[in-house]
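Heads up: the structure comes next, in structure tokens.
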Amino acid sequence: MASFVVHSKGAPPTTFPLVKRLTSVGASAESDLRVPDVRGVVAIQFDGSTFTATALEGAALLVNGKKRGQHILSEGDTLELGATQLVFQSADRIPTPAEVNRVGRDPAALAVQRLAEFSAQLAREPALDKALARLLDSIVEVVKADKGFVLLVTDGAPSVVAARNLHRENIANAVERLSDSIVSRVLNERTPLIVSDALHDPQFNASESVVNLKLASVMCVPLIIRGELTGAVYVGNDSLANLFTERELVLMTSFCSTAALLLEFARQLDELRADKAELVSRLEEQAYGEILGSADAMRDIFRKVEKVAGTDISVLVTGETGTGKELIAREIHHRSARKSGPFVAINCGAIPENLLESELFGHARGAFTGAVATRPGRFQAATGGTLFLDEIGEMPAPLQVKLLRALQDHTVTKVGETKPEPIDIRVVAATNKNLDEELKAGRFREDLYYRINVVHLHLPPLRERGEDAVMLSKYFLRRATRELNIKVKDFNKTALNAIRHFRWPGNIRQLENRIKKAVVLAEGPYITPEDLDLKPEELDPILPLAQAQEEWRKRYINEVLERNNANRTKTAKDLGVDPRTIFRHLERMEAEERGEALPPLADDDLDREGGA
-10 MASFVVHSKG APPTTFPLVK RLTSVGASAE SDLRVPDVRG VVAIQFDGST
40 FTATALEGAA LLVNGKKRGQ HILSEGDTLE LGATQLVFQS ADRIPTPAEV
90 NRVGRDPAAL AVQRLAEFSA QLAREPALDK ALARLLDSIV EVVKADKGFV
140 LLVTDGAPSV VAARNLHREN IANAVERLSD SIVSRVLNER TPLIVSDALH
190 DPQFNASESV VNLKLASVMC VPLIIRGELT GAVYVGNDSL ANLFTERELV
240 LMTSFCSTAA LLLEFARQLD ELRADKAELV SRLEEQAYGE ILGSADAMRD
290 IFRKVEKVAG TDISVLVTGE TGTGKELIAR EIHHRSARKS GPFVAINCGA
340 IPENLLESEL FGHARGAFTG AVATRPGRFQ AATGGTLFLD EIGEMPAPLQ
390 VKLLRALQDH TVTKVGETKP EPIDIRVVAA TNKNLDEELK AGRFREDLYY
440 RINVVHLHLP PLRERGEDAV MLSKYFLRRA TRELNIKVKD FNKTALNAIR
490 HFRWPGNIRQ LENRIKKAVV LAEGPYITPE DLDLKPEELD PILPLAQAQE
540 EWRKRYINEV LERNNANRTK TAKDLGVDPR TIFRHLERME AEERGEALPP
590 LADDDLDREG GA
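In this text, residue positions in the sequence shown follow this note's numbering: the first is -10, and each later residue adds one.
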């Protein structure tokens, strides 16, 4: 390793190793090698093969007894600085590969190589913070700087997002190491700037930041992407022995122009990751067990489930097909004291009438042809847990009587037996039928209706759940791409708009199936309305404003009526209208069901009645 043997008057000789690319010798406490009572600074620069001594700031440099401004050092050369002598020793100096690679290569070739390496690393690991650090390390190496900074402009103000030194280390207090005046000029003018000797440059030597930082040489290049200023790259050298030239500025400008596009790629990936994390977070926040929903009507359902889950009272879940009635039933079970017991579901409309009784209550051996063994039914299987009776509105009238008896007595009797068996179950029933109409038509027993309908939960159709359709679509897309291992990125804007405005007669089940189909058949990375089979004529039509207001008014009155358990007086009070308005609304709804048409209630009628 190259070194100086230091001979100071009145002190034994010491050895000072030359391990840095640039070593400063002077009286200042900031010098690498302190020599008292000398004027100026002597810089020792290593270029990969030789060491050169340069006199700076008026230093009196004597080499082997002769005054020199600059001298390439050889073995045994003696530098005289006041009363101190420095004897150069290089016999065992072997430059490290990193030093030779750093300084000894052609800068342009090195820039190309580092840019290629930067691109490859960015493809492997595109995180923006790591990409910025790699960018600075490469630029500092290419232009032989001591330090580098990346600034990004946010809301018109620049901020330091990365700061590195020549040892590939992060720099603390980075914002204090920059010249505000140089950065401001580059950002305002959007042009690269080189200040070869900042302390003697007439444009900047009066700048407070330049004077305080004792800047020697600075380059600053704006980062412009598609005509928009996004930030700047700033590099500096602290020694006058290694001033930047126009050649380094050209290299840095070219490097930054290409790297800026690569950084934009990294930034976009970071934003996509952030968007994905936000979506996952929102889904978790808006999830209720396995159910997703942020609409007010769904939040009201979740609150009711919380209250009824801890009891054993019967619950009736209604709603159109595909709205998630079984999911609600399962959520009631999982949040109850019976969660460790079984959850048993049976579709009352999918089993032939002559087999349904056996399915529900079980049968004895020989009870009917084919009954070769005694078999328990779904009631017995659900003991200790929850029995979910789906599509109970389809249950035949004779079985309704036996079901009522089982619920009242908490016992069941197998087909072909006479001895009842005790059961311990909680019943949750569901139907997509209007049981009030079934009661009026005599197709459903009133006593059974009140037995199963202690608490009524009505699930709104998807078309009435606002942005839930989009949220569910994104959730189903993520799940489908993961399960099917197909790389579809997202929906395009037109597809999302179509999802919002389609009526979805099959509700959530239909939505999920359409998305699975679209993922399989999509031609590109983004799903289109055509992939979803959503044609413009199938979307909700644009209504005249008066008709849209009337539709919204009807839905809102119905919603408040439901929340008030059909209490018309309370609904009128909550809405601030005369009770006769609610009666007229109900009359119109009944007339529409009969296919009759009545004129809508006008705004002035509501105002007049509200003030009556």
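Glycine residues also receive a C-beta, built at the ideal position from the N, C-alpha and C atoms. From a predicted model like this one, the values you see are computed outputs, not experimental measurements.
Count the other CB atoms, across all protein chains shown, that sit within 10 Å of the CB of residue i; report buried if there are 16 or more and exposed otherwise.
i: residue 39; result: exposed
i: residue 354; result: exposed
i: residue 126; result: buried
i: residue 457; result: buried
i: residue 397; result: exposed
i: residue -7; result: buried
i: residue 19; result: exposed
i: residue -9; result: buried
i: residue 17; result: exposed
i: residue 369; result: buried
i: residue 282; result: buried
i: residue 158; result: exposed
i: residue 352; result: buried
i: residue 326; result: exposed
i: residue 438; result: buried
i: residue 461; result: buried
i: residue 541; result: exposed
i: residue 147; result: buried
i: residue 136; result: buried
i: residue 563; result: exposed
i: residue 70; result: buried
i: residue 307; result: buried
i: residue 1; result: exposed
i: residue 77; result: buried
i: residue 357; result: exposed
Under 8 Å by Cβ, that's how I've got residue i and residue j pegged, so tell me the actual separation to the nearest angstrom.
i: residue 134; j: residue 167; result: Contact doesn't hold; Cβ gap of about 13 Å is too wide.
i: residue 153; j: residue 129; result: 6 Å
i: residue 572; j: residue 583; result: Not a contact, Cβ separation roughly 17 Å.
i: residue 463; j: residue 470; result: With a Cβ gap of about 11 Å, residue 463 and residue 470 do not count as contacting.
i: residue 605; j: residue 332; result: No information on residue 605 is available, as it lies outside the stretch -10 to 601 that the chain covers here.
i: residue 303; j: residue 440; result: 7 Å
i: residue 638; j: residue 249; result: The structure shown has nothing for residue 638, since the chain only spans -10 to 601.
i: residue 206; j: residue 186; result: 6 Å
i: residue 30; j: residue 11; result: Contact flag wrong, Cβ pair sits at about 11 Å.
i: residue 253; j: residue 214; result: 5 Å
i: residue 222; j: residue 210; result: 5 Å
i: residue 36; j: residue 52; result: Between residue 52 and residue 36 the Cβ distance is about 18 Å, and since that is not below 8 Å, they are no contact.
i: residue 68; j: residue 32; result: Residue 68 to residue 32, Cβ: 12 Å. No contact.
Across which residues does DSSP place residue i in a beta bridge pair?
i: residue 34; result: 11 and 41
i: residue 23; result: 15
i: residue 411; result: 400
i: residue 617; result: Residue 617 lies beyond the stretch modelled for the chain, which goes from -10 to 601, so this question has no answer here.
i: residue 379; result: 336
i: residue 391; result: DSSP lists no partner for residue 391.
i: residue -6; result: 4 and 76
i: residue 59; result: 43
i: residue 417; result: 304 and 377
i: residue 249; result: According to DSSP, residue 249 bridges with nothing at all.
i: residue 138; result: 152 and 223
i: residue 444; result: 304
i: residue 143; result: 146
i: residue 69; result: 51 and 74
i: residue 213; result: 218
Hey, residue i and residue j: beta-carbon distance below 9 Å or not?
i: residue -2; j: residue 72; result: yes
i: residue 309; j: residue 338; result: no
i: residue 330; j: residue 350; result: no
i: residue 161; j: residue 118; result: no
i: residue 224; j: residue 204; result: no
i: residue 448; j: residue 359; result: no
i: residue 241; j: residue 172; result: no
i: residue 414; j: residue 376; result: yes
i: residue 216; j: residue 140; result: no
i: residue 416; j: residue 409; result: no
i: residue 315; j: residue 284; result: no
i: residue 289; j: residue 552; result: yes
i: residue 390; j: residue 434; result: yes
Worksheet item: Can you list, in chain order, the stretches of the alpha helix (DSSP H) that have 4 or more residues and sit fully within the segment 303 to 366?
Response: 314 to 323 and 342 to 350
Discussion item. Extract the residue ranges of the alpha helix (DSSP H) inside the segment 456 to 484, only unbroken runs of 4 or more that lie entirely within it.
Written reply: 457 to 473
Fill in: Secondary structure, beta strand (DSSP E): runs of 3+ residues fully inside the segment 155 to 197
182 to 184
Discussion item. Give the list of continuous alpha helix (DSSP H) stretches no shorter than 4 residues that lie fully inside the segment 491 to 535.
Written reply: 496 to 510
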